[in-house]
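Right, one structure below, let's go through it.
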Amino acid sequence: MTPEERLSELGLTLPKVVAPLAAYVPAVRSGNHVYTSGQLPVVDGKLLATGKVGAEVSPEDAYQLARTCALNALAAVGSVVGDLSNIVRIVKVVGFVASDPAFSGQPQVVNGASELLAEILGDAGKHARSAVGVAVLPLNAPVEVELVAEVV
C-alpha cells in the first residue's frame, strides 16, 4: 500500500504546503535528505489552537495538534520530492511543545507526530526523535514539528 493510499484509508489528505511566516522555505533537499522547517498546526491557513500545553491546551489536544504538524511536514517533503513513495524513511523528528512550567509530558504530545508517521509510512516512518519543552512558539502555537527524511 502506498503512503497516499494509507492517508486515504485514515481519512486524511495531504494538505497544501503551509506558507512560510518569515524568510525561509518549507523544505530543502540536500542530496538524499529533505529537511523541513518547523511546521505549526495550521489547517487551511488557520492556526488550530494557541497557548501553553498543560494550561490553555490539554495534552490530548496537543497530541492531535502534533499529528497536524506531522501531516504538514509530509506535505513540505512532498513539495520537494513529489510522491510520498519517494520517502525511504523518516530519519529524525524534533517536536517543540510550548509548555506550562509544570508540564513534563512533551514526549507523549510529540507521539502524535511519531505515531502518524508510522501509520502512514509503516516501518519507514520510525525515527530518532527529540521532544523539547519551550517557553513560546511562533504565533503562540502549542506545538511545532520538523523532520528529516531520507528520499530517493
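Just so we're aligned: 78 in my numbering is position 89 of the sequence shown, and the numbers increase by one with no gaps anywhere. Beta carbons are placed, not taken as given, at the ideal position from N, Cα and C, and that holds for glycine. It should be emphasised that the depicted structure is a prediction, and the values quoted were computed from it without experimental measurement.
Put simply, of Asn21, Ser19 and Val31 the residue whose alpha carbon is nearest the alpha carbon of Leu10 is Val31. Every alpha helix (DSSP H) of 4 residues or more that sits fully in the stretch 68 to 136 is shown, in chain order, as 95 to 110. With respect to the 7 Å criterion, Val66 and Arg18 are not classified as neighbours on the basis of their beta carbons. Straight-line spacing of the CA atoms in Ala8 and Pro15 works out to 7 Å.
Beta-bridge partners of Ala16 (DSSP): Thr25. Counting other Cβ atoms within 10 Å of its Cβ, Asn129 stays below 16 and is therefore classed as exposed. Val80 sits away from Ser119, with the two beta carbons spaced by 7 Å or more. Straight through space, the alpha carbons of Pro90 and Leu105 are spaced by roughly 27 Å. Under the DSSP definition of a beta bridge, Lys35 partners with Val32. In the structure shown, Ala62 adopts helical secondary structure according to DSSP, grouped into three states. Its Cα nearest to that of Gly114, the residue Ala102 stands out among Ala102, Val125, Val42 and Ala124.
Assignment of Glu45 by DSSP, reduced to helix, strand and coil, places it in the coil class.
For Gly71, the closest alpha carbon among the candidates Leu29, Ala117, Pro96 and Val6 is that of Val6.
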